[in-house]
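In our numbering, the protein residues as written are 69 to 423.
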């Protein structure tokens with residue numbers, strides 16, 4: 069774990085519920101999310117598309133569509149302060165200066181009509197009240213901090229002149245330009261080649277070390293999680309199904325869904341093995357199965373139990389929680405997992421390389 073990380077949570081989410089308006093009424097898309105991110109720490113929010121990861125992140129930022137969404141239950145606190153009770157004007161004071169977010173696709177997040185420097189400087193002016201001169205100086209400093217060569221010159225260039233990896237660095241520069249306490253990174257390495265991915269992760273790691281900035285990493289890539297994060301929350305169908313430290317989760321998954329995700333990773337150290345997959349797809353919010361939401365796809369499901377009784381997320385020990393009835397009852401001792409030795413080493417903090 070990062071030496072700068074404190075066990076006192078910077079971000080605290082408890083029992084979060086999110087609903088979207090639909091033709092059939094309010095439809096729940098996130099149900100019962102809870103997680104902590106300590107100062108200087110890094111937590112991963114992991115799951116397939118449709119699991120509710122990005123929606124949860126947008127709720128923290130206060131960016132859910134106002135007319136078509138609502139939060140009927142739960143709380144989100146930043147350093148003990150309630151975020152859900154804040155007005156839009158108050159949230160604008162939190163975004164940027166205290167919480168910032170990197171979105172999935174840097175090309176669609178950057179305005180092609182303005183230089184990257186103009187876009188970063190505007191963020192600084194809006195959130196800090198800095199003068200144009202001060203904002204431009206902070207812009208160049210931020211671009212330099214994320215490793216953009218000739219930062220002053222490149223600040224005057226447009227997004228289309230940057231490669232995918234450099235655009236992602238620009239997005240990180242924009243996010244950290246106001247020196248936030250928490251950075252939410254939504255799939256920050258998607259569509260990047262492994263060399264650029266490694267560089268981006270190393271950059272985020274260095275920013276954590278130098279500024280004590282906490283990171284909430286939203287991803288489906290467990291290799292990235294192994295290399296970067298201290299703790300993991302695994303989500304499925306809008307619910308957290310497992311919580312654990314990264315090392316413990318990779319060594320001994322305690323939910324069949326987590327086991328399936330680990331076995332579905334490409335295994336460079338196990339040549340000749342067939343690529344594993346989880347059958348089926350994540351159910352739609354209006355078509356949730358009875359009982360455990362994962363049971364139709366689970367090879368460990370018990371028909372007289374898992375399809376009728378809805379499990380709670382229960383503590384297994386001081387640091388681990390699982391939403392599996394059979395795990396909670398001790399009916400399953402150890403779930404299968406195949407993890408590349410390199411990935412396992414990264415998860416154990418033994419390898420500084422990219423996941």
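Where a beta carbon is used, it is the ideal one built from N, C-alpha and C, also for glycine. Just so it is clear, the structure is predicted and the values come from calculations on it, not from any experiment.
Taking the Cβ atom as the reference point for each residue, do residue i and residue j lie within a distance shorter than 8 angstroms?
i           : j           : result
residue 211 : residue 144 : no
residue 215 : residue 200 : no
residue 169 : residue 243 : yes
residue 290 : residue 113 : no
residue 388 : residue 316 : yes
residue 152 : residue 282 : no
residue 120 : residue 356 : no
residue 248 : residue 164 : yes
residue 273 : residue 108 : no
residue 293 : residue 269 : no
residue 288 : residue 173 : no
residue 226 : residue 183 : yes
residue 82  : residue 301 : no
residue 181 : residue 192 : no
residue 271 : residue 233 : no
residue 250 : residue 105 : yes
residue 188 : residue 241 : yes
residue 122 : residue 101 : no
residue 346 : residue 328 : yes
residue 350 : residue 141 : no
Which of helix, strand or coil does DSSP assign to residue i?
i           : result
residue 82  : strand
residue 73  : Reliability of the predicted coordinates at residue 73 is poor, the pLDDT of 48 falling under 50, and the value obtained from them is presented with this limitation in mind. Three-state result, residue 73: coil.
residue 393 : helix
residue 299 : strand
residue 422 : Caution is warranted here: a pLDDT of 33 is assigned to residue 422, below 50, making its placement in the model unreliable, and the coordinate value is therefore given only provisionally. If DSSP states are grouped into helix, strand and coil, residue 422 belongs with coil.
residue 318 : helix
residue 115 : coil
residue 304 : strand
residue 90  : strand
residue 150 : strand
residue 348 : coil
residue 290 : helix
residue 100 : strand
residue 180 : coil
residue 364 : helix
residue 416 : Summary for residue 416: the model assigns pLDDT 48, below 50, so the residue's position carries little reliability, and this model does not support an answer.
residue 106 : strand
residue 229 : helix
residue 410 : Reliability of the predicted coordinates at residue 410 is poor, the pLDDT of 49 falling under 50, and no value is obtained from them.
With residue i as the anchor, note down where its alpha helix (DSSP H) starts and where it stops.
i           : result
residue 265 : 262-279
residue 212 : 200-213
residue 250 : Looking at the DSSP string, residue 250 is not in any alpha helix (DSSP H); the run it does join, the beta strand (DSSP E), is 250-254.
residue 159 : 156-162
residue 219 : 219-222
residue 324 : 324-331
residue 369 : Looking at the DSSP string, residue 369 is not in any alpha helix (DSSP H), and its letter there is neither H nor E.
residue 232 : 232-244
residue 126 : 121-129
residue 173 : Residue 173 -> no alpha helix (DSSP H), and no H or E assigned at all.
residue 193 : 184-196
Along the chain, where does the beta strand (DSSP E) containing residue i start, and where does it finish?
i           : result
residue 283 : 282-287
residue 307 : 307-313
residue 145 : 137-146
residue 35  : Residue numbering for the chain in the displayed model covers 69 to 423; residue 35 lies beyond these limits and cannot be assessed.
residue 169 : 167-170
Quick check: the stretch 119-138 against the stretch 360-369, are at least 3 beta-carbon pairs closer than 8 angstroms? At 8 angstroms Cβ cutoff, the stretches do not touch.
Does the stretch 378-397 come within contact of the stretch 318-325, defined as at least 3 CB pairs closer than 8 angstroms? They touch, by the three-pair rule.
Do the stretch 265-280 and the stretch 91-103 touch if we need at least three Cβ pairs shorter than 8 angstroms? Taking a cut-off of 8 angstroms on C-beta distances, the stretch 265-280 does not touch the stretch 91-103, as fewer than three cross pairs fall below it.
With a threshold of 8 angstroms, are at least 3 pairs of Cβ atoms found where one atom belongs to the stretch 305-314 and the other to the stretch 372-383? These segments touch.
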